[in-house]
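In the working numbering, the protein residues as written are 1 to 305.
Every residue gets a Cβ at the ideal spot worked out from N, C-alpha and C, and that includes glycine.
Dropping the structure here:
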C-alpha cells in the first residue's frame, strides 16, 4: 500500500528502518559472498575478481532496466549468464595454477579484477549510474508508522528465498553432495568417475551466476560505479572470514551481522561507523582464529552446510 502520511515515531521506532536496511544489506552481501565461499571451500581458489562479477550484474541492470517487469527479468537473465560466463572463463584462466599457493591465485585474480574493472569503466563511463526499478516498486509502504522503500522490502523476501534455495541445494541435492564430497576427498570423487576439475568449473560458474544475480537485484542498493567491485569484494571477504570459510549458515549469520553493523552503526554512532565493522572483525579474529592454517579457517563445506 502506497502512503503519503507522515511517520509517527515511537520510542523504539527510530531504529526500525536502519534495522530493516541492515537486513536487506546483509542478505545482499550473503548472496554476493556465497560465491566466494564456494570458490575457496570447494575449488580452493582465492578469487579476488569476485567483486567484478557482481559489478557485471549491476552494470547490466543499469543498462537494461527501464522501469518495467519484463526488462527486470531480461536484465536478471543477461546478468546471470554474463557473470556465469565470466566465472567459467576465470576457471579456465585459473586451471594452470589451481594447485599452487593462494598468493599466486590472488595475484592472477587481482589482475583479472583490474582488467575487468577497466573494461567496465571504458564501456559505461567513470560515473555512478542510476538504476530504474519497476514502477510498481518505486514507492514506499507503511511499517509501524514509517515509510519504507517497497523495493527493499521485496528484495528482503527474494534474497531470503535465494538463501533458502542455496542451503537446500548444498545440503539436499546430488550436486550438493558431490560438492561436499569434493571438499572432503577429491581423489575419492575422482575414483567414482567424477572429474574434480569439472566440479571446480561448475563451482566457479555457479559462483559467477550468484554474483551476477546479486548485482542485478542489488543494484538499487549497491549501485554500479567504478568502486563497486572493490567495495563488494572487501565486504564479501569480511563476511566470509567472520562466518568461517566454507560454512553457508555461518556466512548468512555473518552477512546479517555486517549489514546491521553498517546500517545501525550510522544511526547510532555516525563518526565511528566506518570503523565498527573492522573492529568487530578484529575482535572475532583475535578470539577465534588460529592463523590461516588454523582449524577455524579451513573449508567446512564437507562437514556441514
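Roughly how many whole angstroms lie between the Cα atoms of residue i and residue j?
i           : j           : result
residue 82  : residue 213 : 10 angstroms
residue 279 : residue 54  : 26 angstroms
residue 17  : residue 31  : 21 angstroms
residue 177 : residue 43  : 15 angstroms
residue 259 : residue 155 : 14 angstroms
residue 120 : residue 46  : 22 angstroms
residue 117 : residue 226 : 7 angstroms
residue 10  : residue 140 : Low confidence applies here, because residue 10 scores a pLDDT of 45, under 50, leaving its location unreliable and the question unanswered by this model.
residue 265 : residue 23  : 13 angstroms
residue 228 : residue 192 : 42 angstroms
residue 70  : residue 101 : 45 angstroms
Tell me whether residue i is buried or exposed, calling it buried when 16 or more other Cβ atoms sit within 10 Å of its Cβ.
i           : result
residue 286 : exposed
residue 201 : buried
residue 21  : buried
residue 96  : exposed
residue 196 : buried
Give me the Cβ distance between residue i and residue j, rounded to the nearest whole Å; I'm assuming they're in contact under 8 angstroms.
i           : j           : result
residue 248 : residue 39  : Contact flag wrong, Cβ pair sits at about 13 angstroms.
residue 80  : residue 209 : 5 angstroms
residue 33  : residue 283 : No, residue 33 and residue 283 are not in contact; Cβ-Cβ is about 20 angstroms, not under 8 angstroms.
residue 57  : residue 216 : 4 angstroms
residue 170 : residue 179 : 7 angstroms
residue 124 : residue 59  : 5 angstroms
Quick one: what's residue i bridged to in DSSP?
i           : result
residue 149 : 140
Would residue i and residue j qualify as a contact pair, given that the criterion is a beta-carbon distance under 8 angstroms?
i           : j           : result
residue 148 : residue 138 : no
residue 50  : residue 263 : no
residue 256 : residue 160 : no
residue 205 : residue 88  : yes
residue 131 : residue 223 : yes
residue 93  : residue 107 : no
residue 252 : residue 136 : no
So, is the C-beta of residue i closer than 8 angstroms to a C-beta in chain C?
i          : result
residue 17 : Checking the listed chains, one finds no chain C in this structure; it contains a single protein chain.
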